[in-house]
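Working notes, beginning with the structure itself.
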Amino acid sequence: MAEKNKIWSTVWDYVLMTIGGLIFCMAWDCFLIPNGIASGGLTGLCTIIQFATGIPVSLTYILLNVFLLGIAFLILGNGFGVKTIYCILITTLMFEILPRFDIIQAIPGHPLYISEKVLVPIIGGLLEAVGIGLIFKRGGSTGGTDVIALILNKFWPVSPGKVYMFLDVFIIASVLLIPGKNLQDMVYGYLAMISFSVFLDFLLLGSKATVQVLVFSQRYDEIADYITRRMDRGVTALNSVGWYSQSEGKVLLIIVRKSQMSELTKAIKEIDSKAFVSISSATSVYGEGFEEMKTGFTRKKKQIPEE
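Under this note's numbering, the sequence shown has 228 at position 228, and the numbering climbs by one with no breaks.
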């Protein structure tokens with residue numbers, strides 16, 4: 001039974017990665033490329049090459065990705081490498097097939113045409129983020145700067161969206177080297193990049209968003225018991241003194257996911273409707289029940305020979 005579930009889980013991974021690859025390619029072949037927009041990433045670089053030389057994206061995409069597979073095997077493991085090969089092959093195939101269907105291109109006279117061109121890079125970035133998000137969540141990658149983003153995110157607490165943003169600035173700016181392209185084309189590229197980065201972070205990190213809660217209540221013990229027993233979260237009780245009343249008490253310090261805030265606030269209100277609650281966002285939380293501490297590559301200590 002366990003073996004059967006494992007097989008179905010693997011099949012489901014590849015189904016979702018295929019769907020993600022299709023959405024990713026549609027962002028480019030339906031919206032960005034037909035409108036002369038080159039966003040970031042390896043696909044953006046391949047698009048710029050196509051604009052400059054006429055060489056199709058599908059060809060340069062597969063060629064430039066080949067040597068990056070070695071990095072995927074070495075740093076991110078064999079499982080990641082196999083899924084990366086699959087995603088690269090499926091997206092290469094889609095980059096070859098989708099341009100043959102003119103009807104799906106967002107250009108005048110076609111169903112997907114958008115008169116306000118400024119919306120094109122936003123929609124393209126959104127679709128690209130959805131596609132990449134699906135692939136990332138199933139342990140895959142489309143290669144290129146995806147590999148760099150995942151490697152950095154594995155060892156350092158940096159979001160994938162920010163990695164893309166810094167790398168893509170230089171790729172998009174290179175569109176100005178193509179005759180006929182101007183500042184407006186570069187701005188559209190940056191708009192697509194920002195849209196992609198923001199939506200990707202939202203998709204990948206939104207469910208992991210955390211908040212820090214301070215609870216001031218005379219019934220702190222009941223609230224703390226509820227959180228530890230019902231919500232399976234830790235609570236720290238800090239000694240406090242009310243300066244006006246000079247009475248001693250406890251302040252509860254709680255770290256929870258944003259998705260748990262509704263349950264937490266409801267419980268606090270039911271236990272003590274007069275409780276004072278302070279809530280603030282926590283950008284990075286490490287430890288049991290949250291994220292693993294990421295401090296960089298572990299360096300081996302140099303052995304000092306004994307005399």
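Backbone N, C-alpha and C define an ideal beta-carbon position, used for all residues, glycine too.
No experiment lies behind these values; they were computed from the predicted model shown.
So, for residue 272: in the same chain, excluding its five sequence neighbours on each side, which residues have a beta-carbon less than 6 Å away from its beta-carbon? Along the sequence shown, one-based indexing puts residue 272 at 272. So the list reads 217 and 219, once near-sequence residues are dropped.
Neighbour-count burial assignment, residue 141, 16 or more Cβ in a 10 Å radius: The sequence position of residue 141 within the sequence shown is 141, counting from 1. With 16 or more Cβ atoms within 10 Å of its Cβ, residue 141 is classed as buried.
What does residue 257 pair with, by DSSP beta-bridge criteria? Start at 1 with the first residue of the sequence shown, and residue 257 comes out as number 257. Per DSSP, 210.
Can we say the region 166-182 touches the region 236-249, given the rule of at least three CB pairs closer than 8 Å? no
What's the C-alpha gap between residue 180 and residue 70? Numbered from 1 along the sequence shown, position 180 holds the residue referred to as residue 180. Numbered from 1 along the sequence shown, position 70 holds the residue referred to as residue 70. Taking the straight line from one Cα to the other gives about 37 Å.
Run through DSSP, which three-state label would residue 279 get? Position 279 of the sequence shown, counting from 1, holds the residue named residue 279. Strand.
Might you give, ordered along the chain, the residues of its own chain that have their beta carbon closer than 7 Å to the beta carbon of residue 99, omitting 5 neighbours on each side? What you label residue 99 is simply residue 99 of the sequence shown in a count that begins at 1. The residues are 29.
Tell me which residue opens and which closes the alpha helix (DSSP H) that residue 58 is part of. As a working note, residue 58 is residue 58 in the sequence shown. Its alpha helix (DSSP H) spans residues 57-66.
Expressed to the nearest angstrom, what Euclidean distance is found between the alpha-carbon atoms of residue 202 and residue 10? Your numbering for residue 202 matches position 202 in the sequence shown. Your numbering for residue 10 matches position 10 in the sequence shown. Distance between the alpha carbons of residue 202 and residue 10: 25 Å.
Is the region 111-122 touching the region 46-57, taking contact as three or more C-beta pairs under 8 Å? no
In angstroms, rounded to a whole number, what distance separates the CA positions of residue 13 and residue 38? To locate residue 13, count along the sequence shown from 1; it is residue 13. To locate residue 38, count along the sequence shown from 1; it is residue 38. C-alpha separation (whole angstroms): 29 Å.
Under 8 Å by Cβ, that's how I've got residue 88 and residue 65 pegged, so tell me the actual separation to the nearest angstrom. Against the sequence shown, residue 88 aligns to sequence position 88. Against the sequence shown, residue 65 aligns to sequence position 65. Residue 88 to residue 65, Cβ: 5 Å. Contact.
With DSSP as the reference, identify every bridge partner of residue 216, one or two as the case may be. Taking the sequence shown and counting its residues from 1, the one referred to as residue 216 is at position 216. The partner list for residue 216 (beta bridge, DSSP) reads 251 and 276.
Since residue 95 and residue 61 are thought to touch, with beta carbons under 8 Å apart, how far apart are those beta carbons, to the nearest angstrom? As a first step, residue 95 is located in the sequence shown; it is residue number 95 there, counting from the start. As a first step, residue 61 is located in the sequence shown; it is residue number 61 there, counting from the start. At roughly 6 Å, the Cβ-Cβ gap stays under 8 Å, so residue 95 and residue 61 are in contact.
Assign residue 106 to one of three DSSP states: helix, strand, or coil. The sequence position of residue 106 within the sequence shown is 106, counting from 1. Three-state DSSP puts residue 106 in coil, outside helix and strand.
Segment limits, alpha helix (DSSP H) that includes residue 175: As a working note, residue 175 is residue 175 in the sequence shown. Careful: residue 175 lies outside any alpha helix (DSSP H) and carries neither H nor E.
Residue 298 classed as buried or exposed, judged by whether at least 16 other C-beta atoms fall within 10 angstroms: Taking the sequence shown and counting its residues from 1, the one referred to as residue 298 is at position 298. Here residue 298 scores only 44 on pLDDT, less than 50, and its place in the model is too uncertain to base an answer on.
Enclosing alpha helix (DSSP H) for residue 134 [first to last residue]: Taking the sequence shown and counting its residues from 1, one reaches residue 134 at position 134. That run of the alpha helix (DSSP H) goes 119-137.
Assuming the contact rule is C-beta atoms closer than 8 Å, residue 311 and residue 215 should be a hit. Round their C-beta distance to whole Å, please. No answer is possible for residue 311: it lies beyond the span of the chain, which begins at 1 and ends at 307.
Where does residue 20 land, buried or exposed, given buried means 16+ other C-beta within 10 angstroms? The residue labelled residue 20 in the question sits at position 20 within the sequence shown. When all chains shown are included, residue 20 counts as buried.
Exposed or buried, which one is residue 173 when buried takes at least 16 other CB atoms within 10 Å? By one-based count along the sequence shown, residue 173 stands at place 173. Residue 173 should be labelled exposed.
N-terminal and C-terminal residue of the beta strand (DSSP E) that residue 237 is part of: Numbered from 1 along the sequence shown, position 237 holds the residue referred to as residue 237. First-last of the beta strand (DSSP E) with residue 237: 235-242.
Just verifying my parser: in three-state terms, what is the DSSP assignment at residue 226? As a first step, residue 226 must be located in the sequence shown, where it is residue number 226. Residue state, collapsed to three classes: helix.
Under the assumption that residue 122 contacts residue 211 (Cβ atoms under 8 Å), give the Cβ distance between them as a whole number of angstroms. In the sequence shown, residue 122 corresponds to position 122, counting from 1. In the sequence shown, residue 211 corresponds to position 211, counting from 1. Residue 122 to residue 211, Cβ: 29 Å. No contact.
Pair within 8 Å by beta-carbon distance, residue 32 and residue 144: By one-based count along the sequence shown, residue 32 stands at place 32. By one-based count along the sequence shown, residue 144 stands at place 144. In this structure, residue 144 does not lie closer than 8 Å to residue 32 by Cβ.
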